[in-house]
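Below is one structure, written out as structure tokens, with a few remarks after it.
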Amino acid sequence: MGEQKVSVAQEGTGMQSFVRSLLRDVQALEYMLENDWFEKDIIRIGAEQEMCLVDAGTYKPACINMEVLEKLSQYPWVVTELAKFNLEVNLSPREFTGKCLREMDHENREYLNIIRQQLKHWNAEVCLTGILPTLRKPDLDLSNLTPKPRYFALMEALNSQMLGSAFELRLSGIDELLVKHDSPLLEACNTSFQVHLQVSPDLFVPMYNMAQALAAPVMAISANSPIVFGKRLWHESRIALFQQALDVRTTHDHMRERSPRVSFGTGWLEGSLLEIYKEDIARFRVLLAGDVDEDSIEAIQAGRTPKLRALQVHNSTVYRWNRPCYGISPNGQPHLRIENRVIPAGPTTTDAAANAAFWLGAMIGMGHEYKDIRNHVSWEDVRDNFMKAAQFGIDSHFNWFHDKKLSACDLVLHELLPMARKGLQMRGVIKQDIDKYLGIIEQRARDHMNGARWQLRTFTKLAKECTRDEAVTAMTAAIVHNQWKDIPVHQWTMPAFSDLPNYHPSKLRVEEFMETDLFTVQKDDLIELVTDLMDWRKIRYMPVEESKGQLCGLITSRLLLRHFARKNKLNSKEATMVKDIMIEAPITISPNATLLEAMNLMREKRIGCLPVVQNDELIGIITEMDFLRISTRLIEQLEK
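Per my numbering, residue 48 is the first one in the sequence shown, and the count goes up by one each step.
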């Protein structure tokens with residue numbers, strides 16, 4: 048998340064001072080580029096591993112990052128992330144040669160094992176996945192924001208820029224998700240494995256464009272984020288979710304264009320790295336400011352490498368999927384890096400290292416083969432490929448160089464893997480590691496299996512056997528189990544719900560368990576319509592709602608039996624509409640109530656269903672059959 052000592056940028060002298068520093072940083076960077084200040088005789092790589100913390104019994108988010116960090120205070124490589132259920136590990140920069148990939152993989156696993164040992168104190172585990180399947184909307188309440196000034200400042204600043212009434216998620220895949228949220232903490236859903244490649248300034252422009260072209264196939268083969276709130280959405284839902292989580296725009300009745308702070312970009316980089324920084328300053332208001340204790344121009348005049356702190360603060364609030372990074376090497380020279388942010392976390396550290404090897408090798412190999420890829424593929428095709436990869440992952444078909452039409456697997460197997468192998472060989476990476484890590488990518492493509500496809504197939508299978516919450520819990524348990532055995536994801540088998548050793552549903556919230564695909568009627572509808580609907584859909588309870596979705600009654604199968612029994616009696620007044628027989632004030636429950644509270648209420652009131660209502664709006668329903676199904680599976684588990 049970048050620099051921690053920041054505050055919300057307020058209008059006035061403080062803002063003006065920070066913007067002045069920002070502009071002077073751009074001037075300083077331009078001077079250093081023009082006067083050959085940058086390190087370019089060495090290429091280093093690095094990475095950041097983000098992770099979720101989960102309860103080892105429920106596999107739900109464990110909001111304990113500050114307590115864990117206190118135990119790990121002697122380790123500078125582990126830091127906070129946005130939510131209390133996230134942590135991040137910063138891997139050591141190392142020269143891109145020899146055993147670098149193996150060393151990165153081993154270091155990542157070693158650091159995660161240290162964290163894992165500490166998590167035992169809280170009966171918690173690490174889970175590496177792009178989006179945690181068991182994550183629930185209530186987990187993204189601001190009370191779960193990591194208590195650091197930077198994060199509070201970022202939330203406040205984004206909320207201040209909001210043009211609409213709320214942040215919205217709109218995603219469609221196999222399922223559909225349409226939901227509002229009151230804060231940009233939705234961003235915390237995403238965890239990634241961010242890979243850095245140091246680039247010489249004279250090669251930055253062509254290499255950055257190559258990173259843009261490679262984003263789609265790299266994402267397609269590494270996708271691992273298809274499940275959000277129990278919905279099957281895009282193969283790499285992080286892409287849309289991250290943009291929408293921070294999207295302060297709203298719809299208008301005019302065609303003015305406004306750019307999102309999370310984006311793939313607007314075109315090829317043409318002449319200089321500075322184009323990116325200048326565009327971001329031009330398009331996006333300063334959100335965060337900080338006390339800048341260095342004048343970058345004066346530092347240059349004194350022969351010192353400036354930190355460019357203002358520029359780095361602003362850069363950290365504009366989220367490009369391939370982001371330029373400025374840093375200072377141990378020798379005091381400045382350097383430039385390209386940060387690849389498209390690769391999701393997990394499924395294992397070996398899978399992560401394989402993803403990194405594929406991208407890094409392809410970057411070098413493509414750079415050797417194509418001096419300027421703008422002559423071989425259009426920006427529009429690259430942009431289109433990126434969105435296809437996010438939606439369809441390994442199932443994508445791309446427009447590639449010279450207007451070739453290739454499936455993701457064919458592109459990886461026949462064009463990019465040979466290029467990546469050559470690139471790694473050119474960097475002197477040992478053959479054993481090239482074979483191991485690129486072999487994993489090759490096998491994924493041949494088996495047509497990556498993390499996203501495994502999750503989608505697993506969830507679909509489990510959802511036919513048990514409830515949605517049971518399905519995501521069993522799947523997350525399998526992810527954690529497999530990642531510590533370090534089995535590459537293309538070798539994973541699909542779990543059964545019976546494989547889950549312990550399942551504790553009593554503390555589940557109603558909203559995690561309720562049925563949301565509702566069939567309803569209105570009070571002026573004919574009773575014959577209700578009868579047929581309940582017969583066709585094999586349901587025993589039919590909520591009655593107003594046209595705007597407010598609950599106003601309930602029809603039960605028992606009421607219908609009573610109605611038709613009375614019809615045959617002499618002198619009975621025949622009811623014709625729903626309002627004539629419905630329960631006008633049915634007992635309801637809040638989505639935030641626990642499952643145990645719902646069961647006790649139904650038992651106490653001797654009723655068979657509970658409509659779930661929030662602000663008078665009907666949002667779901669639970670019935671005795673739901674409890675019967677879950678009780679049956681729990682009894683089966685006890686028998687085993």
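Backbone N, C-alpha and C define an ideal beta-carbon position, used for all residues, glycine too. Only a predicted model underlies this, so the values are computations on that prediction, with no experimental measurement involved.
Bridge partner(s) assigned by DSSP for residue i
i: His243; result: Gly93, Glu386
i: Arg141; result: Ile92
i: Phe214; result: His228
i: Tyr588; result: Thr603
i: Leu78; result: In the sequence under discussion, the amino acid at residue 78 is Tyr, which differs from the Leu named in the question. None; Tyr78 has no bridge partner.
i: Phe506; result: Its beta-bridge partners do not exist; DSSP assigns none.
i: Leu192; result: Ala130
i: Leu573; result: Met624
i: Asn369; result: Asn387
i: Asp546; result: According to DSSP, Asp546 bridges with nothing at all.
i: Ile668; result: Glu562, Pro658
i: Ile375; result: Pro381
i: Pro185; result: Pro185 is not bridged to any residue.
i: Leu100; result: Val173
i: Arg279; result: Ile274
i: Leu598; result: Glu592
Distance between residue j and residue i (C-alpha atoms, nearest Å)
i: Leu69; j: Tyr417; result: 35 Å
i: Leu100; j: Glu631; result: 45 Å
i: Arg650; j: Leu189; result: 34 Å
i: Gly61; j: Ala357; result: 13 Å
i: Lys452; j: His461; result: 13 Å
i: Phe65; j: Ala336; result: 6 Å
i: Lys478; j: Glu86; result: 28 Å
i: Leu288; j: Ala235; result: 10 Å
i: Glu50; j: Met629; result: Confidence at Glu50 is low in this model, with a pLDDT of 46, below 50, so the placement of that residue should be treated as unreliable; the coordinate-derived value is given next. Looking at the two C-alpha atoms, the distance is approximately 60 Å.
i: Arg332; j: Asp579; result: 57 Å
i: Thr523; j: Gly277; result: 12 Å
i: Leu166; j: Val115; result: 7 Å
i: Asp428; j: Gln472; result: 29 Å
i: Asp450; j: Gly486; result: 28 Å
i: Ala329; j: His361; result: 12 Å
i: Thr17; j: Ser594; result: The structure shown does not extend to residue 17, since the chain spans only 48 to 687, so no value can be given for it.
i: Glu150; j: Gly655; result: 59 Å
i: Gly350; j: Asn160; result: 43 Å
i: Ile162; j: Met561; result: 35 Å
i: Val226; j: Tyr588; result: 25 Å
i: Met48; j: Asp229; result: Any reading at Met48 must be qualified, since the residue scores a pLDDT of 39, below 50, and its modelled position is unreliable; the value itself is stated next. Using only the alpha carbons, I get a separation of about 21 Å.
i: Arg217; j: Glu223; result: 8 Å
i: His282; j: Arg504; result: 12 Å
i: Lys325; j: Glu77; result: 11 Å
i: Ala409; j: Trp531; result: 28 Å
i: Ala94; j: Leu244; result: 9 Å
i: Ser284; j: Pro273; result: 6 Å
i: Thr670; j: Pro535; result: 41 Å
i: Glu690; j: Gly145; result: Here the chain has residues from 48 to 687 only, and residue 690 is not among them.
i: Met434; j: Ala455; result: 13 Å
Exposure label - residue i; buried when at least 16 CB within 10 Å
i: Pro248; result: buried
i: Gly312; result: buried
i: Arg653; result: exposed
i: Leu675; result: exposed
i: Glu117; result: exposed
i: Asp72; result: buried
i: Phe611; result: exposed
i: Thr364; result: buried
i: Glu135; result: buried
i: Asp480; result: buried
i: Asn82; result: exposed
i: Asn271; result: buried
i: Gln96; result: buried
i: Leu407; result: buried
i: Asp419; result: exposed
i: Asn662; result: exposed
i: Met79; result: buried
Residue i beta carbon near the ligand FAD (any heavy atom closer than 7 Å)
i: Val660; result: This structure does not include the ligand FAD; it has no bound ligands of any sort.
**Study point:** Given 8 Å, three or more beta-carbon pairs between the stretch 398-407 and the stretch 230-242
**Key:** Counting Cβ pairs under 8 Å, three or more are found: they touch.
Review point. Are the stretch 321-329 and the stretch 180-187 touching by the rule of at least three beta carbon pairs closer than 8 Å?
Key: Touching, no, given that fewer than three Cβ pairs across the two stretches are closer than 8 Å.
Practice item. Identify every run of the beta strand (DSSP E) within the stretch 377-464, keeping only runs that are complete inside it and at least 3 residues long; order them along the chain. Key: Correct list: 381-387, 444-446, 452-454.
Practice item. Please determine if the stretch 119-139 and the stretch 500-519 are in contact, where contact requires at least 3 C-beta pairs separated by less than 8 Å. Key: Contact between the stretch 119-139 and the stretch 500-519 is absent, because fewer than three Cβ pairs lie under 8 Å.
Exercise for review: Flag this pair as touching only if the stretch 118-135 and the stretch 364-380 have three or more C-beta atom pairs under 8 Å; answer yes or no.
Suggested key: Because the criterion of three Cβ pairs below 8 Å is not met, the stretch 118-135 and the stretch 364-380 do not touch.
Exercise for review: Check whether the stretch 104-111 touches the stretch 384-391, counting contact only when three or more Cβ pairs, one atom from each stretch, lie closer than 8 Å.
Suggested key: The stretch 104-111 is not in contact with the stretch 384-391.
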